[in-house]
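S.K.:
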Amino acid sequence: MQRCLIIEAEEAAGRFPHRPFRVAHRLADSPLFELSRLVELGRSLAPDRVEYNLGELDVHQDPASVPGNGLSVEETIERIGQCRSWLVLKNVEQDPDYRALLEGCMAEFRAWAGQTLGRMADMMAFIFVTSPGSVTPFHFDPELNFLLQIRGDKIMHAFDEADRELLPETRLEQQYVDPSTHRNLTFEPHYQARAESFHLQPGQGVYMP
Numbered sequence: 033m034q035r036c037l038i039i040e041a042e043e044a045a046g047r048f049p050h051r052p053f054r055v056a057h058r059l060a061d062s063p064l065f066e067l068s069r070l071v072e073l074g075r076s077l078a079p080d081r082v083e084y085n086l087g088e089l090d091v092h093q094d095p096a097s098v099p100g101n102g103l104s105v106e107e108t109i110e111r112i113g114q115c116r117s118w119l120v121l122k123n124v125e126q127d128p129d130y131r132a133l134l135e136g137c138m139a140e141f142r143a144w145a146g147q148t149l150g151r152m153a154d155m156m157a158f159i160f161v162t163s164p165g166s167v168t169p170f171h172f173d174p175e176l177n178f179l180l181q182i183r184g185d186k187i188m189h190a191f192d193e194a195d196r197e198l199l200p201e202t203r204l205e206q207q208y209v210d211p212s213t214h215r216n217l218t219f220e221p222h223y224q225a226r227a228e229s230f231h232l233q234p235g236q237g238v239y240m241p
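Residue numbers (the working numbering): 33 to 241.
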């Protein structure tokens, strides 16, 4: 079976497990990521597992005032090249095909990482479908992530998780005490100088601690 993730020692050296680094993958040509299959997947998920809106947002977007796009889930995916939107399909591991793919990728990662991270639980997969020029607001993810680029290209800006000006201790605690807390954070222009930027093309990705 062909490997899913490709982790190069020179990329991970001095970074794993606490700093982001580049990875490669072999998922870009998978039929599971064709738009027609994603439309089918979107129809099968519960409404609260699909989130979508206009994609031209501010990096400091207030989550309470995100503008809708006036389209259905199916229309948003089918027209994603032109509809200037951002969409996420959440917990796609509920579908057996995507569950098998996730488990295969994570088995490879566990074999590579050994005991460094300890036990991994609650494996989840989200699929983001976005129009060119879409912006994901500044936010905090409490989980370990791999962001894998399938189509097009994007720039991913990563910040130091230990920088308490960007992520205050009280905000960090709030996220873990109340998981329903929205992930968006306040962004100040001077933060950008602290970003490590990754330009991603199909077949490339980033490990995010």
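The C-beta atom is built at its ideal place from N, Cα and C for all residues, glycine as well.
Note that this is a predicted model, so its numbers are computed, not measured.
1. Using only CA atoms, which one of R142, G87, L67 lies nearest to P49?
2. In chain order, what residues of the same chain lie with their CB nearer than 8 Å to the CB of F65, ignoring the 5 residues before and after it?
3. Roughly how many whole angstroms lie between the Cα atoms of R35 and Q236?
4. Is E140 helix, strand or coil when you go by DSSP?
5. Check G237 in the structure and name its three-state DSSP category.
6. Using the rule of at least 16 other Cβ atoms within 10 Å of the residue's Cβ for burial, across every protein chain shown, is Y84 buried or exposed?
7. Is the CB-CB distance between G165 and E88 below 8 Å?
8. Evaluate P63 with the Cβ neighbour count: other Cβ atoms within 10 Å of its Cβ, from every protein chain shown; 16 or more gives buried, anything less gives exposed.
9. Mapping DSSP to helix, strand and coil, what is V55?
10. Taking buried to mean at least 16 other C-beta atoms within 10 Å of its own C-beta, is S68 buried or exposed?
11. Quick one: is F176 buried, meaning 16 or more other Cβ sit within 10 Å of its Cβ, or exposed?
12. If you run the structure through DSSP and keep just helix, strand and coil, what is S97?
13. To the nearest angstrom, how far is it from the Cα of P169 to the Cα of Q233?
14. Where are the beta strand (DSSP E) runs, 3 residues long or more, that stay fully inside the stretch 154 to 221, in chain order?
15. Which term fits T162, buried or exposed, when burial requires 16 or more other beta carbons within 10 angstroms of its beta carbon?
M.R.: Result, derived from the coordinates:
1. R142
2. L59, I159, I182, R183
3. 14 Å
4. helix
5. strand
6. buried
7. yes
8. exposed
9. strand
10. exposed
11. As written in the sequence, residue 176 is Leu, which differs from the Phe given in the question. Classification of L176: exposed, given that the 10 Å Cβ count is below 16.
12. helix
13. 20 Å
14. 159 to 162, 177 to 180, 186 to 190
15. buried
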